[in-house]
Amino acid sequence: MSSFKNSRSTDNILNYILNIYKPYFWYFVISIFTCLSLAFIYIYYSKPVYEISATLIITDQNKGVENPDLLGRIDLLQSKQIVENEIEVLKSRKIINAVVNELSLYAPVIRTSYSEKKANLDIPIQIKVYNPDLIKNEHNENPISFTYNPKN
Numbered sequence: 371m372s373s374f375k376n377s378r379s380t381d382n383i384l385n386y387i388l389n390i391y392k393p394y395f396w397y398f399v400i401s402i403f404t405c406l407s408l409a410f411i412y413i414y415y416s417k418p419v420y421e422i423s424a425t426l427i428i429t430d431q432n433k434g435v436e437n438p439d440l441l442g443r444i445d446l447l448q449s450k451q452i453v454e455n456e457i458e459v460l461k462s463r464k465i466i467n468a469v470v471n472e473l474s475l476y477a478p479v480i481r482t483s484y485s486e487k488k489a490n491l492d493i494p495i496q497i498k499v500y501n502p503d504l505i506k507n508e509h510n511e512n513p514i515s516f517t518y519n520p521k522n
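Residue 383 in our numbering sits at position 13 of the sequence shown, and the numbers go up by one each step.
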């Protein structure tokens, strides 16, 4: 009998709490809907930046040096020791595009002297392009040329 009274009292408390918040139910639903829709809008319009890095060590059995004579005589090591390891780092395309745009690497500047040499990082001027994606290939038919004389 006491368990029946106990469950009935909890039902009364639960009904009491629900009756208090019942008029505000639509505010909860609207606020949850608003927060979820704002979160989806933020995710949709935010610029995705993925930071991916990996190190691959590729070992080739053809490269390498045989065991030194002393270790070869003792036969402690039967396999070849790899001297050179290729290390390759993978990065995200978005980050690399941001670096290319920030350092103005999309506009090749060529220094002509005895031989053509790219001079992107040591030029005294900075070339800004509003839409670097619209630039065609490097071998444009009509390149823009200018002369810079540092003595003036």
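Where is the CB? At the ideal position from N, CA and C, for every residue including glycine.
Our two residues, residue 390 and residue 413, have alpha carbons roughly 36 Å apart in a direct line.
Residue 392 sits in a helix when the DSSP states are folded into three classes.
For residue 468 and residue 410, the gap between their C-alpha atoms comes out near 24 Å. In this structure, the CA atom of residue 471 is about 50 Å from the CA atom of residue 395. In the three-state reduction of the DSSP assignment, residue 379 falls in the helix class, which pools H, G and I. Assignment of residue 406 by DSSP, reduced to helix, strand and coil, places it in the helix class.
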